[in-house]
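Chains as they are written, first to last, in the numbering used here: chain A, -16 to 87; chain B, 130 to 279.
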């Protein structure tokens, strides 16, 4: 699935380490701790690893609301969001470089 | 003037009273909630708002099956198999929320009234568990309790 991506919404816990997710509408930065996760869609696995937020709820809001995981390349490029409730990928129009904070 | 104000206040109070959920508080029913089956998760639906959009109430569907209703100051829960699910609510438009549920996991979905062209709509959103648990304790249970085994 591809299409216009609307505002990502992050609720719940915040972490000072892990991937930083840019708020693409406000221009600020949001930190979210994540862990790699497996998904049933083989096509997505071949694209990039999928990261599930820990201690936080990440959703993307378009015409409807979807729980979302991050799809990030090995070079820390965010290419889109995996929607586990739909088992589908919502690609960003353009990849976004994510700053990564190393664990202390 | 005073009479009109009193009448308006009484009407507003009655609307609020009939619109809000009635039922036992969380503390009364929580001990009756059965443990989760090994391959299932639990989903709480709750609505904290009271005055705002009190007239906007709608059935809540989970995977196209009605499981309860969005009522001010009410909550209910359902247990479902682990996997992908879609919650929805329909007024003038249909709003949906897709999510995944792990075995043993409990998710919390906030339902709240939103603006629409003709009538309000119900907004569905996943909520942080800690925040949701704190709010649900102040709400009334609108679901069904399991029957006692004889």
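The beta carbon of each residue, even a glycine, is placed where N, CA and C say it ideally should be. Every value quoted in this text rests on a predicted model; they were computed, and no experiment measured them.
Check                                                                                                                                                                           : Outcome
If we call anything under 8 Å between Cβ atoms a contact, is residue 55 of chain A one with residue 81 of chain A?                                                              : yes
Can you give me the C-alpha to C-alpha distance between residue 199 of chain B and residue 169 of chain B, rounded to a whole angstrom?                                         : 23 Å
Of all Cβ atoms in chain A, is any one closer than 8 Å to the Cβ of residue 215 of chain B?                                                                                     : yes
Between residue 249 of chain B and residue 220 of chain B, is the Cβ-Cβ spacing less than 8 Å?                                                                                  : yes
If you follow the alpha helix (DSSP H) that residue 37 of chain A is part of, which residue opens it and which one closes it?                                                   : It is not in any alpha helix (DSSP H) - residue 37 of chain A carries neither H nor E in the DSSP assignment.
Using only the alpha-carbon positions, how far apart do residue 69 of chain A and residue 77 of chain A sit?                                                                    : 22 Å
Residues in the stretch 32 to 65 of chain A with C-beta within 7 Å of chain B's C-beta atoms, listed in sequence order?                                                         : 40, 42, 47, 48, 49 and 50
My assumption, with CB atoms under 8 Å, is that residue 217 of chain B sits in contact with residue 67 of chain A. Please give the rounded CB distance.                         : Actually they are not in contact, since the Cβ atoms of residue 217 of chain B and residue 67 of chain A sit about 17 Å apart, beyond 8 Å.
Beta-carbon within less than 6 Å of residue 266 of chain B's beta-carbon, same chain only, minus the 5 sequence neighbours each way: which residues are those?                  : 155
With H, G and I counted as helix, E and B as strand and the rest as coil, what does DSSP make of residue 166 of chain B?                                                        : coil
Given that residue 70 of chain A touches chain B, what residues does it touch there, using C-beta distances under 7 Å?                                                          : 213
Of all Cβ atoms in chain A, is any one closer than 8 Å to the Cβ of residue 262 of chain B?                                                                                     : no
Any Cβ of chain A within less than 8 Å of the Cβ of residue 227 of chain B?                                                                                                     : yes
At a Cβ threshold of 8 Å, is residue 76 of chain A touching chain B?                                                                                                            : no
For residue 268 of chain B, which residues of its own chain have a beta-carbon under 8 Å away from its beta-carbon, when the five flanking residues on both sides are left out? : 150, 154, 155, 175, 176, 177, 202, 203 and 204
Measure the C-alpha to C-alpha separation of residue 57 of chain A and residue 43 of chain A and round it to an integer number of angstroms.                                    : 23 Å
Would you please verify whether the beta carbon of residue 193 of chain B is less than 8 Å from any beta carbon of chain A?                                                     : no
Which residues in chain A sit within 7 Å of residue 168 of chain B, going by Cβ to Cβ distance?                                                                                 : The contacting residues do not exist; residue 168 of chain B stays about 16 Å from chain A at best.
Is it true that the CB of residue 253 of chain B sits closer than 8 Å to the CB of residue 208 of chain B?                                                                      : no
List the endpoints of the continuous alpha helix (DSSP H) containing residue 258 of chain B.                                                                                    : 258 to 265
Have a look at residue 192 of chain B and residue 222 of chain B and give me their C-alpha separation to the nearest angstrom.                                                  : 17 Å
For residue 73 of chain A, does the three-state DSSP call read helix, strand or coil?                                                                                           : strand
Using the Cβ count rule (16 or more neighbours within 10 Å means buried), how would you classify residue 197 of chain B?                                                        : buried
Around the Cβ of residue 210 of chain B, are there at least 16 other Cβ atoms within 10 angstroms (buried) or fewer (exposed)?                                                  : exposed
I need the DSSP call for residue 7 of chain A, collapsed to helix, strand or coil.                                                                                              : For residue 7 of chain A, the predicted model reports a pLDDT of 42, less than 50, meaning its position is unreliable; a value from the coordinates is still stated below. If DSSP states are grouped into helix, strand and coil, residue 7 of chain A belongs with coil.
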